[in-house]
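Report on the structure given below.
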Amino acid sequence: MAAFVLIHDGGGSVWDWHLVVPELASRGHDLVAPDPPIEDRSAGFAAFCQTVDHAIGARCYADRP
């Protein structure tokens, strides 16, 4: 199947995907839904990107020893 990275916008949270994640997972898709530091006003775009990057990396390398 396919792999999806679900990223919420600045006004949302990972909860935004609570209906989408189980539906896609039940169809055999791989999902990553990171929760970037939107609520932290001191966190910039780099922190947002780093959170997403780490979530994807953790998923991609989870099967490796």
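Start counting the sequence shown at 0; every next residue gets the next number (numbering that gives the first Met the number 0). Ideal Cβ placement from N, Cα and C applies to all residues, glycine included. Note that this is a predicted model, so its numbers are computed, not measured.
Within 10 angstroms of its Cβ, does residue i collect 16 or more other Cβ (buried), or is it exposed?
i, result
"Leu18", "exposed"
"Pro33", "buried"
"Trp14", "exposed"
"Pro35", "buried"
Quick one: what does DSSP say residue i is sitting in, helix, strand or coil?
i, result
"Ala1", "coil"
"Ile6", "coil"
"Gly56", "helix"
Does the ligand PLP have a heavy atom nearer than 7 Å to the CB of residue i?
i, result
"Val4", "The ligand PLP is not part of the structure shown, which contains no ligands of any sort."
So, residue i versus residue j, is the Cβ gap smaller than 8 Å?
i, j, result
"Gly9", "Ile55", "no"
Jot down the residue ranges of each uninterrupted alpha helix (DSSP H) in the region 24 to 52, minimum 4 residues, whole runs only, in chain order. none
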